[in-house]
Amino acid sequence: MDVFGDLLSSIRSEGAVLSQQELRPPSHLRIEDVTSLLLMTVVRGEGRLLLDEGSAWDLCKGDSVIVKEGYPFTFTGSTSPEGNIDGTSVVIGRYAASGIRHRRLLRALPPVAQITEDDDACRMMENAVADCVRKRPGSQIVLDRFLDWGLACTLRTWFDEAKSAAPDWYRGISDDVVGPALRAMHERPHERWTVKRLAAVSGVSRASLAKRFREVMTQPPLAYLRDWRLTLAEELLSETDQPLSVIARSIGYADAFSFSAAFKRAYGCSPSRFRAGLPIAPPVAAGL
1 MDVFGDLLSS
11 IRSEGAVLSQ
21 QELRPPSHLR
31 IEDVTSLLLM
41 TVVRGEGRLL
51 LDEGSAWDLC
61 KGDSVIVKEG
71 YPFTFTGSTS
81 PEGNIDGTSV
91 VIGRYAASGI
101 RHRRLLRALP
111 PVAQITEDDD
121 ACRMMENAVA
131 DCVRKRPGSQ
141 IVLDRFLDWG
151 LACTLRTWFD
161 EAKSAAPDWY
171 RGISDDVVGP
181 ALRAMHERPH
191 ERWTVKRLAA
201 VSGVSRASLA
211 KRFREVMTQP
221 PLAYLRDWRL
231 TLAEELLSET
241 DQPLSVIARS
251 IGYADAFSFS
261 AAFKRAYGCS
271 PSRFRAGLPI
281 APPVAAGL
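For the sequence shown, the UniProt record's numbering gives the first residue as 1, with consecutive numbering after it.
Now the structure itself:
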């Protein structure tokens, strides 16, 4: 699995809420409580999204936006009769997710991520609303998966279009040198990776991998590996009761002692204290 798939694999909506809003001048849509992520697609007409802090985005049919938590906004349909005879219709999905990888995803996004003119997104979101209205058996599961699909496609398109604004790990996926090494670390974090072994996976010299990895990812390969292992450790400590020795081996540490030392260097507390839910300092590791 590539890094993007790995990130999304543990972020799945549960109890998603989807609604379709019809707007005619001078009506507008006010969203105060943006929790987690909000996905909005314009399925008819056009309008403007205005964040409370002043930034604005003009949207037309087929455009989608992802709005991050903590950014309330107002959406107003076009006031131009000739350009918006039938009013504006938007479909809004509220994506409730939590966890370590979810926070990692949020760090990679701007307050509003916009993609333009995606007719497939329009059709899929309208189908999701129709299925929800009919209340057929299993409609909530279908709705959750619709929203997962919408989020994944919107994110992928935005990252592709964002280019330099995309996170390092996304740019690294498609790099001929960095990509194979990234996949190896994500698929087999428990292995005793060295730069030499990762270079062999990528089919280049040790020096070539080290140089290219730093250029694309802004950190050395083994620093990225450490950060990824500790991200996995956070999940396992938060979501399982596995002993520290088992967690240590599953993410590539020889024993609980070496794992605990690495964790404390990054987080300022022991794994046991983290698991107990006691207040801790923000992690030092910033590569993810």
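Idealized CB from N, CA, C, for every residue including glycine.
Under DSSP, the alpha helix (DSSP H) around residue i begins and ends at which residues?
i      : result
Ala200 : 195-202
Ala266 : 256-267
Tyr224 : 221-239
Ser272 : 271-275
Can you tell me whether residue i is helix, strand or coil according to DSSP?
i      : result
Gly138 : coil
Asp2   : coil
Ala113 : strand
Val177 : coil
Ile251 : coil
Ser19  : strand
Gly287 : Because Gly287 sits at a pLDDT of 48, beneath the cut-off of 50, its placement in the model cannot be relied upon, and the point is left open.
Thr154 : helix
Can you list, in chain order, the residues of its chain whose CB lies under 6 angstroms from that of residue i, leaving out five sequence neighbours each side?
i      : result
Arg229 : Pro189, Ile251, Gly252
Ala113 : Ile66, Trp158
Ala286 : Confidence is the limiting factor: at Ala286 the pLDDT is only 43, short of 50, which leaves the residue's position unreliable, though a coordinate-based value still follows. None.
Quick check: the Cα distance between residue i and residue j, rounded to an integer number of angstroms?
i      : j      : result
Ile8   : Arg265 : Here residue 8 is Leu; the residue named in the question, Ile, does not match the sequence. Each residue's alpha carbon lies about 27 angstroms from the other.
Ala184 : Arg134 : 44 angstroms
Arg226 : Asp241 : 22 angstroms
Asp58  : Gly172 : 31 angstroms
Leu244 : Leu222 : 22 angstroms
Ser208 : Arg197 : 13 angstroms
Ser272 : Gly203 : 40 angstroms
Any heavy atom of the ligand GDP closer than 8 angstroms to the beta-carbon of residue i?
i     : result
Asp33 : This structure lacks the ligand GDP; in fact it carries no ligand of any kind.
Return the chain-ordered list of same chain residues with a C-beta closer than 7 angstroms to the C-beta of residue i, the five sequence neighbours on each side being excluded.
i      : result
Ala166 : Phe159
Leu232 : Pro189, Ile251
Asp168 : Val216, Met217, Thr218
Ala152 : Leu8
Ser205 : Ala199
Asp86  : Arg44, Gly45
According to DSSP, residue i sits in a beta bridge with which residue or residues?
i      : result
Arg24  : DSSP output for Arg24 lists no bridge partner at all.
Ala166 : Answer is none; Ala166 lacks a bridge partner.
Ser89  : Glu22, Arg44
What residue does the beta strand (DSSP E) around residue i start on, and which one ends it?
i      : result
Thr41  : 37-44
Val205 : As written in the sequence, residue 205 is Ser, which differs from the Val given in the question. Segment: none, Ser205 is in no beta strand (DSSP E) and carries neither H nor E.
Arg101 : Note, Arg101: premise wrong, no beta strand (DSSP E); alpha helix (DSSP H) at 100-107.
Beta-carbon within less than 8 angstroms of residue i's beta-carbon, same chain only, minus the 5 sequence neighbours each way: which residues are those?
i      : result
Trp149 : Met124
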